[in-house]
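Asks: I'd like to ask you about the structure that follows.
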Amino acid sequence: MNWLAACVATTVILTAASLVIGTSSIETSLGWLFTPDAQSAVILWQIRLPRTVGAWAAGALLGLAGAIAQGLFRNPLAEPYLLGTASGAALGVTLSLLGADASIGALAWTTKVGVTGAACVGACAAIALTILLSRGVLQTASLLLSGIVVAFLLSAVTSLLLLTRPDLWRSMQSFLLGSTGFLSWSGAALLGIALVLCIVPAILVSRGLDALSLGEDTAQSLGLSLRMLRLTLLGVLSLATAAAVGQVGIVGFIGLVAPHLVRETLTVNHRQLLIGAPLCGGALLQAADLVSRWIIHPAELPVGAVTAVVGGVYLVLLLWRRSRHD
Amino acid sequence: MTEAPRSQPASSQATPAQAARAAALRTEDLALGYGPRTVLRDITLAIEAGAWTAIVGPNGSGKSTLLRALAGLAAPRAGRVFLRGRPLDQWSRRERARELAWLAQDSGATNLTAAEVVGLGRFAHSGWLGSRKTEDDAAMRRAMLATGSLPWAARRMATLSGGERQRVLLARVLAVEAPVLLLDEPTTHLDPPHQEDIARILRDQAHGCGVCVLSAIHDLSLALTADRLIVLGATGLVGHGTVRAALDGDWLSTAFRTRVDIVEIAGVYLWRPTLAAASPLPAKRP
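Laid out in structure tokens, this is it:
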């Protein structure tokens, strides 16, 4: 549990750091903290704080979704987007951009809320399509295959749409690469609500995930309904991923790496994993967000690029360590 | 172990001796299969409590299929299964899981500790939240003592050897304290002494605790140490009865469609490979 305390402490430190790191220099930001004025208060409390809080919540949702996906599919390489969510969200965004074409320049704010909603709807629709294609939730292998098919299909549709409107490509870019730059208090609040809605049922059925780790037959023989367990977990997985994708776009690797980090360092059952992975994922995305703001200061990198690089390096290290053990 | 009343009527096919001991599990005209294949037809069996019954037969003869159907994990194509007199599909999921414990042939790679795995055996009693009562802890402890797996309670499954892991998994099954145990190849991948350990635990459960133990066993000599045999062949059920009856009727040769030579040494039946007789080895071996 010390490890989890470390996660929480890291989050507190990162939150504090995120208040003083931004486009302005650190000295200026520190000055704002101690001698606030109207404008700096807005920057600190309406822009930087909701951004870092939202980043934490989105990372936590992705960590939770990753832990659930890996338990549900009994595969340590499963990740939140494996049921086609990312492609579905991208298609949703493309469609909303096409639809809101007329108001793009005039009402950026409305468009943004519209884009968020569209991404969410797209992600949920993709999962529904995946479940439909695999004819239910009882066959893990066919769920995974259907997820791949749906992902390819929806990506193809998105690409075709963008071919007809190349001007939309730039607007899509920030979404596809993942960005924490658009997070407001309302976005952070939505993510927080989604996190509570996801983590409570997930922990309630965590023992089912433990049982599932012994095999599907064994889990069933213990007296639990595989269908109920799968439906609950798929629901949570969809909500968590759709909420996160809607607010921060497609941020890769957090959902894959966070549960791994927890499992590598702690002896855990799924109840502990479903608490640890969100804490770890939240801290990871906050850290990535800070790096993305700071590394090419005063410009920003897309946060998805940072998580991809860091997550990729971590996985390679993991691979090397494994092969040295074997 | 649970000393549940066993008052249901025995099957009509049962001999008087069987009826006296009462069938814990009974099947009626069962037809089973997987994929497009129907492997077993017209299977009518009465499996009694207080005895260890081994299922033997060649690969693909339907040992696992039969066990899965008896455990309620696969629906039969035809016929019915009765668990303690009541049709299997009329039991609620939880109730059934308390009456019938199942050990799969292969278990997944898990991150859990041995104690957590055994604790899952109490799922049907303690539920989703796993709020364990004293009786659950006691059952877990008894199961781990019976299998000798208590020393590894706090260790991760991944750090245990194959034999140790199998004992923990067996403890998980015993922790259910169910009157019926179904085990699919509980001794595969184990070296002979470890196989013997597992077999001894199974026999103790049957003889000492009055449990109905039914297991598929690949090793013929080991299977012959059971009380009763269910012999499956390529074309279905060859026979069901005591080991003596199986040997007298030469069921094994019928099932494997080759001569299966069983010798008796000091009251123990052993399978003797007849390789030498079939193709004589050169007199001098290198």
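Line order of the protein sequences matches chains A and B.
The numbers in the working numbering rise by one with no breaks, and the one at position 67 of the first sequence is 67.
Positions in the second sequence are counted from 1; adding 326 to them yields the working numbering.
Glycine residues also receive a C-beta, built at the ideal position from the N, C-alpha and C atoms.
The structure displayed is predicted, hence computed values, not measured ones.
To the nearest angstrom, how far is it from the Cα of Trp169/A to the Cα of Ser238/A?
Replies: For the purposes of this step, residue 169/A is taken as the residue at position 169 of the first sequence. For the purposes of this step, residue 238/A is taken as the residue at position 238 of the first sequence. Going from the Cα of Trp169/A to the Cα of Ser238/A covers about 26 Å.
Asks: Return the bridge partner residues of Val539/B from the DSSP annotation.
Replies: Stepping through the second sequence from its first residue, residue 539/B is reached at position 213. Answer by DSSP bridge pairing, in chain order: Trp378/B, Leu507/B.
Asks: I'd like to know if Ala17/A contacts chain B, where contact means its C-beta is closer than 8 Å to some C-beta of that chain.
Replies: Stepping through the first sequence from its first residue, residue 17/A is reached at position 17. Output row for Ala17/A: interface = no.
Asks: Output the boundary residues of the beta strand (DSSP E) element that contains Leu77/A.
Replies: For the purposes of this step, residue 77/A is taken as the residue at position 77 of the first sequence. From DSSP, Leu77/A is part of no beta strand (DSSP E); its letter is neither H nor E.
Asks: Does the distance from the CB of Gly63/A to the CB of Ile254/A come in under 8 Å?
Replies: Start at 1 with the first residue of the first sequence, and residue 63/A comes out as number 63. Start at 1 with the first residue of the first sequence, and residue 254/A comes out as number 254. Their beta carbons are under 8 Å apart, which means Gly63/A touches Ile254/A by this criterion.
Asks: Can you name the residues that DSSP bridges to His566/B?
Replies: What you label residue 566/B is simply residue 240 of the second sequence in a count that begins at 1. Ile556/B, per the DSSP bridge assignment.
Asks: Can you list, in chain order, the residues of its chain with a C-beta nearer than 7 Å to that of Arg529/B? Leave out the 5 residues immediately preceding and following it.
Replies: Numbered from 1 along the second sequence, position 203 holds the residue referred to as residue 529/B. Trp378, listed in sequence order.
Asks: Along chain B, which residues have their Cβ under 8 Å away from the Cβ of Gly208/A?
Replies: Looking up residue 208/A in the first sequence gives position 208. Neighbours of Gly208/A on chain B, chain order: Trp454.
Asks: Classify Pro362/B: buried if its beta carbon has 16 or more other beta carbons within 10 angstroms, exposed otherwise.
Replies: Here residue 362/B refers to the residue found at position 36 of the second sequence. Exposed, because fewer than 16 other Cβ atoms sit within 10 Å of the Cβ of Pro362/B.
Asks: Report all residues from its chain with a CB closer than 7 Å to the CB of Ile295/A; omit the five preceding and five following residues, and keep chain order.
Replies: Here residue 295/A is taken as the residue at index 295 of the first sequence, counted from 1. Cβ within range, chain order: Leu301.
Asks: Pick helix, strand or coil for Val34/A, following the three-state DSSP scheme.
Replies: Sequence index remark: in the first sequence, residue 34/A carries index 34 (1-based). First, the amino acid is wrong: residue 34/A is Phe here, not Val. Phe34/A: helix per DSSP, three-state reduction.
Asks: Name the chain A residues that come within less than 9 Å of Trp428/B, Cβ to Cβ?
Replies: To locate residue 428/B, count along the second sequence from 1; it is residue 102. Result: Asp217, Thr218, Gln220, Ser221, Leu222.
Asks: If you follow the alpha helix (DSSP H) that Val149/A is part of, which residue opens it and which one closes it?
Replies: Within the first sequence, the letter at position 149 stands for residue 149/A. 140-164 is the span of the alpha helix (DSSP H), which, as asked, contains Val149/A.
Asks: If we cut at 8 Å on Cβ distances, does Val205/A have a partner in chain B?
Replies: Residue numbering aside, residue 205/A sits at position 205 when the first sequence is read from its first letter. Output row for Val205/A: interface = yes.
Asks: Measure the alpha-carbon distance for Ala283/A versus Leu197/A and round it to whole angstroms.
Replies: Walking along the first sequence from the start, residue 283/A turns up at place 283. Walking along the first sequence from the start, residue 197/A turns up at place 197. Taking the straight line from one Cα to the other gives about 20 Å.
Asks: Please list the terminal residues of the continuous beta strand (DSSP E) segment that includes Leu209/A.
Replies: Walking along the first sequence from the start, residue 209/A turns up at place 209. Careful: Leu209/A lies outside any beta strand (DSSP E), inside the alpha helix (DSSP H) at 206-212.
Asks: Work out the CA separation of Leu61/A and Asp432/B for me, nearest whole Å.
Replies: The residue you call residue 432/B lines up with position 106 of the second sequence. The residue you call residue 61/A lines up with position 61 of the first sequence. Asp432/B and Leu61/A: Cα-Cα distance of roughly 33 Å.
Asks: Run through the DSSP bridge pairs and tell me what Thr364/B is partnered with.
Replies: Stepping through the second sequence from its first residue, residue 364/B is reached at position 38. Residue pairing by DSSP places Thr364/B opposite Gly359/B in a beta bridge.
Asks: Give me the chain A residues within the contact set of Phe449/B, using Cβ-Cβ distance strictly less than 8 Å, ordered along the chain.
Replies: Position 123 of the second sequence, counted from the first residue, corresponds to residue 449/B. The contacting residues are Arg207, Ala211, Leu222, Gly223, Leu224.
Asks: Residues of chain A with a CB under 7 Å from the CB of Thr436/B: which are they?
Replies: For the purposes of this step, residue 436/B is taken as residue 110 along the second sequence, with counting starting at 1. What Thr436/B touches in chain A: Ser213, Leu214.
Asks: Is it buried or exposed, Lys389/B, if we count other Cβ atoms within 10 angstroms and call 16 or more buried?
Replies: Translated into positions along the second sequence, residue 389/B becomes position 63. So Lys389/B ends up on the buried side.
Asks: When you compare each of Val506/B, Ala441/B, Ser579/B, Ala581/B to Asn269/A by their alpha carbons, which one comes out closest?
Replies: If you number the first sequence from 1, residue 269/A lands on position 269. Nearest of Val506/B, Ala441/B, Ser579/B, Ala581/B to Asn269/A, Cα basis: Ala441/B.
Asks: Does DSSP put Val594/B in a helix, in a strand, or in coil?
Replies: On the second sequence, residue 594/B is found 268 positions in, with the first residue counted as 1. Here Val594/B sits in strand by DSSP.
Asks: Give me the subset of the stretch 48-74 of chain A whose CB atoms are less than 7 Å from a CB atom of chain B, sorted by chain position.
Replies: Arg74
Asks: With contact counted as at least three CB pairs below 8 Å, one residue from each stretch, are the stretch 380-397 of chain B and the stretch 581-594 of chain B in contact?
Replies: yes
Asks: If I'm right that Gly447/B touches Arg458/B with Cβ under 8 Å, what's the distance once you round it to whole angstroms?
Replies: In the second sequence, residue 447/B corresponds to position 121, counting from 1. In the second sequence, residue 458/B corresponds to position 132, counting from 1. That pair is no contact at about 11 Å.
Asks: Put Val313/A into one of helix, strand or coil per three-state DSSP.
Replies: Taking the first sequence and counting its residues from 1, the one referred to as residue 313/A is at position 313. Helix, per DSSP.
Asks: Is the stretch 122-131 of chain A in contact with the stretch 231-250 of chain A, if contact means three or more CB pairs nearer than 8 Å?
Replies: yes
Asks: Is the shortest distance between the beta-carbon of Asn2/A and the beta-carbons of chain B less than 8 Å?
Replies: Translated into positions along the first sequence, residue 2/A becomes position 2. Interface flag for Asn2/A against chain B is unset, since no Cβ pair is found closer than 8 Å.
Asks: For Cys538/B and Pro505/B, I'd like the C-alpha separation in whole angstroms.
Replies: Position 212 of the second sequence, counted from the start, is the residue given in the question as residue 538/B. Position 179 of the second sequence, counted from the start, is the residue given in the question as residue 505/B. Approximately 6 Å between the Cα atoms of the pair.
Asks: State yes or no: is the beta carbon of Ala497/B nearer than 8 Å to at least one beta carbon in chain A?
Replies: Taking the second sequence and counting its residues from 1, one reaches residue 497/B at position 171. False, the Cβ-Cβ gap to chain A never drops below 8 Å.
Asks: Report all residues from its chain with a CB closer than 7 Å to the CB of Pro402/B; omit the five preceding and five following residues, and keep chain order.
Replies: Position 76 of the second sequence, counted from the start, is the residue given in the question as residue 402/B. Within the same chain, Pro402/B has close Cβ partners Leu356, Ala357, Leu358, Ala395.
Asks: Rounding to the nearest angstrom, what Cα-Cα distance links Thr85/A and Ser206/A in this structure?
Replies: Position 85 of the first sequence, counted from the start, is the residue given in the question as residue 85/A. Position 206 of the first sequence, counted from the start, is the residue given in the question as residue 206/A. Taking the straight line joining both Cα atoms gives about 23 Å.
Asks: Between Ala572/B and chain A, is any beta-carbon pair separated by less than 8 Å?
Replies: Along the second sequence, read from residue 1 onward, the residue named residue 572/B stands at position 246. Not one chain A Cβ lies under 8 Å of Ala572/B.
Asks: For the stretch 473-485 of chain B against the stretch 304-311 of chain A, do three or more pairs of beta-carbon atoms, one drawn from each stretch, fall closer than 8 Å, so that the two count as touching?
Replies: no
Asks: With a Cβ-Cβ cutoff of 8 Å, do Val303/A and Thr180/A count as a contact?
Replies: For this step, residue 303/A is matched to residue 303 along the first sequence. For this step, residue 180/A is matched to residue 180 along the first sequence. Between Val303/A and Thr180/A, the C-beta gap is smaller than 8 Å, which places the two residues in contact.
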